[in-house]
DNA sequence: GGCCAGGACACCA
DNA sequence: TGGTGTCATGGC
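In this note's numbering, the protein residues as written are 7 to 224.
Written out as structure tokens, the structure is:
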């Protein structure tokens with residue numbers, strides 16, 4: 007499966023290294039990972055700005071807010087009622103099981119930390135892997151809608167694979183490297199978000215010659 | 001005014 | 001196990 011590294015190298019050459027995740031602290035990564043579920047990042051930024059102004063970017067403060075106060079702060083990110091509940095559930099778990107320490111949760115053996123995250127309501131596989139990789143600097147590859155879309159176009163996926171199948175494919179064929187996983191996911195997002203949907207298609211698309219979408223539409 | 005965005009979950013057959 | 005409805009805001 008050298009195709010995966012070939013694709014990575016092309017994206018890296020074209021876009022250059024990205025600095026990810028767009029957050030100032032590991033805890034902010036968690037907040038962003040939950041708020042960005044099926045939501046445009048611009049809306050997430052508005053919500054995080056509100057939390058920052060309210061000095062509510064910590065587990066203790068989020069737990070001490072009323073659910074209504076938290077809902078209003080994160081309202082721009084959409085789905086604000088369920089996301090407010092999810093944020094408080096995560097913070098409560100952190101408090102009860104790890105003395106409020108995100109580091110203690112994330113420094114456990116990878117599979118154990120991942121399973122613990124997945125047991126929390128509102129933390130699915132993509133959110134868990136984003137937290138592990140970008141907040142915990144643990145080698146857990148993040149799969150998202152862009153990953154499935156892009157690699158289906160490249161013929162590497164069929165489009166019917168489940169989340170864990172895709173994650174395991176990448177992890178089986180790539181070096182076990184936090185830096186590589188970090189960069190690869192970031193490059194997939196920047197490629198799909200800013201370039202791959204442009205019409206007319208970007209003439210210097212780094213994957214142009216191997217992308218089925220480009221070939222069908224050119 | 002419709003479509004979409006860096007998902008997850010409940011419910012049903 | 002797979003398909004479908006729900007959750008909600010803001011930019012284009």
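Cβ atoms here follow ideal geometry from the backbone N, Cα and C, with glycine treated the same way.
_Which of helix, strand or coil DSSP assigns to residue 148_ = Numbered from 1 along the first chain, position 142 holds the residue referred to as residue 148. Note: residue 148 maps to coil in three-state DSSP.
*Count the C-beta pairs between the segment 34-47 and the segment 77-87 that are closer than 8 Å, then say yes if the count reaches three, no if not.*
Contact between the segment 34-47 and the segment 77-87 is present, because at least three Cβ pairs lie under 8 Å.
_residue 13 classed as buried or exposed, judged by whether at least 16 other C-beta atoms fall within 10 angstroms_ = In the first chain, residue 13 corresponds to position 7, counting from 1. Buried: at least 16 other Cβ atoms inside 10 Å.
*Under 8 Å by Cβ, that's how I've got residue 90 and residue 77 pegged, so tell me the actual separation to the nearest angstrom.*
Reading the first chain from its first residue, position 84 is the one you call residue 90. Reading the first chain from its first residue, position 71 is the one you call residue 77. Indeed, because the Cβ distance is near 4 Å, the residues count as touching under 8 Å.
*CA-CA distance, residue 110 and residue 212?*
Numbered from 1 along the first chain, position 104 holds the residue referred to as residue 110. Numbered from 1 along the first chain, position 206 holds the residue referred to as residue 212. Each residue's Cα considered, the two are about 40 Å apart.
_Exposure of residue 142, with buried meaning 16 or more beta-carbon neighbours within 10 Å_ = As a working mapping, residue 142 is identified with position 136 in the first chain. Flag for residue 142 reads buried.
*Closest residue to residue 120 among 96, 105 and 146 (Cα-Cα distance)*: The residue given as residue 120 occupies position 114 in the first chain. Comparing Cα-Cα distances from residue 120 to each of 96, 105 and 146, the minimum goes to 146.
_Rounded to the nearest angstrom, what separates residue 217 and residue 115 at their Cα positions?_
By 1-based counting over the first chain, the position of residue 217 is 211. By 1-based counting over the first chain, the position of residue 115 is 109. Those two C-alpha atoms are separated by around 38 Å.
*asked:* Just to confirm the assignment, what range does the alpha helix (DSSP H) spanning residue 185 have?
replied: One-based indexing of the first chain puts residue 185 at position 179. Taken as a continuous stretch (DSSP letters only), the alpha helix (DSSP H) holding residue 185 covers 184-197.
*Considering only C-alpha positions, which residue in the set 194, 105, 99 and 210 is nearest to residue 18?*
What you label residue 18 is simply residue 12 of the first chain in a count that begins at 1. Closest by alpha carbon: 194.
*Neighbourhood of residue 152 by C-beta, 6 Å cutoff - its chain only, sequence neighbours within 5 removed*: Sequence index remark: in the first chain, residue 152 carries index 146 (1-based). The beta carbon of residue 152 sits closer than 6 Å to the beta carbons of 194, 195 and 198 from its chain, once the five residues preceding and following it are set aside; these are given in chain order.
*Which residues in the same chain have their Cβ closer than 6 Å to the Cβ of residue 53, if we skip the five residues on either side of it in sequence?*
Translated into the one-based positions of the first chain, residue 53 becomes position 47. Here the set comprises 41, 80, 82 and 83.
*With distances taken between CB atoms, is the gap from residue 180 to residue 169 smaller than 9 Å?*
Within the first chain, the letter at position 174 stands for residue 180. Within the first chain, the letter at position 163 stands for residue 169. No, the Cβ-Cβ distance between residue 180 and residue 169 is not below 9 Å.
*Closest Cα partner of residue 26 within the set 38, 96 and 10*: One-based indexing of the first chain puts residue 26 at position 20. Restricting attention to 38, 96 and 10, the CA atom closest to the CA of residue 26 is found in 38.
*residue 126 and residue 157: beta carbons closer than 9 Å?*
In the first chain, counting from the first residue as 1, residue 126 sits at position 120. In the first chain, counting from the first residue as 1, residue 157 sits at position 151. With a cutoff of 9 Å on beta-carbon distance, residue 126 and residue 157 are scored as not near each other.
*With burial defined as no fewer than 16 other Cβ atoms inside 10 Å of the residue's Cβ, what is the status of residue 135: buried or exposed?*
Here the question's residue 135 lines up with position 129 in the first chain. Buried is the call here.
*May I have the straight-line CA-CA distance separating residue 188 from residue 103, to the nearest angstrom?*
Stepping through the first chain from its first residue, residue 188 is reached at position 182. Stepping through the first chain from its first residue, residue 103 is reached at position 97. So the two alpha carbons sit approximately 27 Å from each other.
_Buried/exposed call for residue 71, threshold 16 Cβ in 10 Å_ = What you label residue 71 is simply residue 65 of the first chain in a count that begins at 1. Residue 71 comes out buried.
*Taking just the CA atoms, how far does residue 29 sit from residue 62?*
As a first step, residue 62 must be located in the first chain, where it is residue number 56. As a first step, residue 29 must be located in the first chain, where it is residue number 23. Whole-angstrom Cα-Cα distance: 14 Å.
*Give me the Cα-Cα distance between residue 15 and residue 214, rounded to the nearest whole angstrom.*
Numbered from its first residue, the first chain carries residue 15 at position 9. Numbered from its first residue, the first chain carries residue 214 at position 208. Each residue's Cα considered, the two are about 14 Å apart.
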